[in-house]
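Engineer: Could you have a look at this structure, given as structure tokens, before my questions?
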Amino acid sequence: MTARAETWLWIIQRATAAVLALAVLIHIVTIVYAVRAGLSAPAVLARTQGNLWWLGFYLVFVLATALHAGVGLRTILRELTPWRGSSVDGASACASLFLLVAGWRAAIGLFA
Amino acid sequence: MSWRARNHPSYWAFVLHRVSGLLLAVFLPFHFWALSTAITGAARLDAFLDWTRQPLVTLAETGLVILLAAHLTGGLRLLALEFLAWPNWQKSAVGLSAGISLAVGLLFLLNAL
């Protein structure tokens with residue numbers, strides 16, 4: 617990977633970290649509120665379904681998470697294993713894409 | 561790397577950030593799968609939620625909340641190190657991150673029980 621591309625990955629990791637700092641804080645508050653209110657499917661779906669603001673929030677949250685996890689996994693693989701080159705870049709990109717599709721599918725299923 | 565270099569709060573903060581990040585990335589597909597059970601109907605989601613009420617699962621969830629909080633506070637510490645002036649409170653930042661993470665885990669556990 618070129619130095620320019622590595623720089624972009626560094627920027628993506630920091631930019632998504634900044635988005636995630638706020639999103640994870642909101643997510644933790646939501647988790648504590650939800651378990652306090654009691655978790656049952658009707659209660660969860662009543663809170664979520666048709667709530668487009670939360671859908672928008674989670675679509676952005678998942679996008680930032682998928683990018684952040686992919687770049688992070690690539691960093692860990694390159695630190696701990698001898699794996700280098702375009703194959704490790706491709707595997708990390710696949711991990712990001714998988715998380716993006718799985719996460720968006722879940723968010724749309726819950727909130728749309 | 562020598563043991564002396566490793567036996568430092570900043571080194572353990574680095575290890576915790578890598579380990580928590582990796583475990584959260586591994587957990588995410590299961591999290592998304594569990595949430596997507598709602599797509600196929602409330603009954604499947606309810607069956608899954610019933611399963612999560614076992615004490616060991618609640619304990620594992622508490623561990624995940626602590627990992628998430630640790631990755632958040634550890635990440636904020638890293639952003640502060642990289643983008644703010646070189647600080648002389650690095651050990652305090654590690655301690656603060658750990659303390660907040662454990663407090664968040666406790667808050668979750670007390671509300672989940």
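Chains as they are written, first to last, in the numbering used here: chain B, 617 to 728; chain R, 561 to 673.
Each residue gets a CB set at the ideal place from its N, CA and C atoms; glycine is no exception.
1) Return the Cβ separation of leucine 588/R and alanine 685/B in integer angstroms, given the expectation that the two are a contact with Cβ distance under 8 Å.
2) Note down, in chain order, all residues in the segment 624-641 of chain B with a beta-carbon under 8 Å from any beta-carbon belonging to chain R.
3) Take histidine 591/R and list the residues in its own chain whose beta-carbon comes closer than 6 Å to its own, dropping the five residues that flank it on each side.
4) Just the Cα atoms here: how many angstroms apart are alanine 573/R and glycine 688/B?
5) Chain B beta carbons: is any one of them nearer than 8 Å to that of leucine 589/R?
6) Need the endpoints of the alpha helix (DSSP H) that serine 656/B sits in, please.
7) Determine the direct distance from the alpha carbon of leucine 628/R to that of serine 580/R, and round the result to whole angstroms.
8) Would you call isoleucine 626/R buried or exposed, if buried means 16 or more other Cβ atoms sit within 10 Å of its Cβ?
9) Under 7 Å Cβ-Cβ, which residues of chain R neighbour arginine 652/B?
10) Looking only at its own chain, which residues have a Cβ that is under 7 Å from the Cβ of leucine 679/B, when we skip the five neighbours before and after it?
11) For leucine 668/B, is the classification buried or exposed, using 16 other Cβ atoms within 10 angstroms of its Cβ as the cut-off for buried?
12) So which residues of chain R does alanine 685/B contact, with C-beta pairs closer than 9 Å?
13) Checking 8 Å against the spacing of the C-beta atoms, do threonine 633/R and serine 661/R come in under that value?
14) If you draw a straight line from the C-alpha of histidine 643/B to the C-alpha of alanine 619/B, how long is it?
15) Rounded to whole angstroms, what is the Cα-Cα separation between alanine 607/R and leucine 583/R?
16) Taking only beta-carbon atoms, is alanine 621/B less than 8 Å away from chain R?
17) In three-state DSSP terms, what is glutamine 629/B?
18) Should alanine 574/B and tyrosine 674/B be called a contact, given that it needs their Cβ atoms to be closer than 8 Å?
19) Buried or exposed: where does isoleucine 647/B fall if 16 or more other Cβ atoms within 10 Å of its Cβ makes it buried?
20) State yes or no: is the beta carbon of alanine 718/B nearer than 8 Å to at least one beta carbon in chain R?
Structural biologist: With the structure as the only source:
1) 7 Å
2) Arg630, Ala633, Ala634, Leu636, Ala637, Val640 and Leu641
3) none
4) Rounded to whole angstroms, alanine 573/R to glycine 688/B spans 16 Å at the Cα level.
5) One detail in the question is off: residue 589/R reads as proline in this sequence, not leucine. Chain B contact via Cβ: present.
6) From DSSP, serine 656/B is part of no alpha helix (DSSP H); its letter is neither H nor E.
7) In a straight line, the C-alpha of serine 580/R is about 7 Å away from that of leucine 628/R.
8) Buried: at least 16 other Cβ atoms inside 10 Å.
9) Asn671
10) Leu716
11) With a threshold of 16 other beta carbon atoms within 10 Å, leucine 668/B falls short and is exposed.
12) Gly581, Leu584, Ala585 and Leu588
13) yes
14) Roughly 35 Å between the two C-alpha positions.
15) 25 Å
16) Cβ-Cβ to chain R under 8 Å: no for alanine 621/B.
17) Three-state result, glutamine 629/B: helix.
18) This structure leaves residue 574/B out entirely; chain B is present only between 617 and 728.
19) Isoleucine 647/B counts as buried, since no fewer than 16 other beta carbons sit within 10 angstroms of its beta carbon.
20) yes
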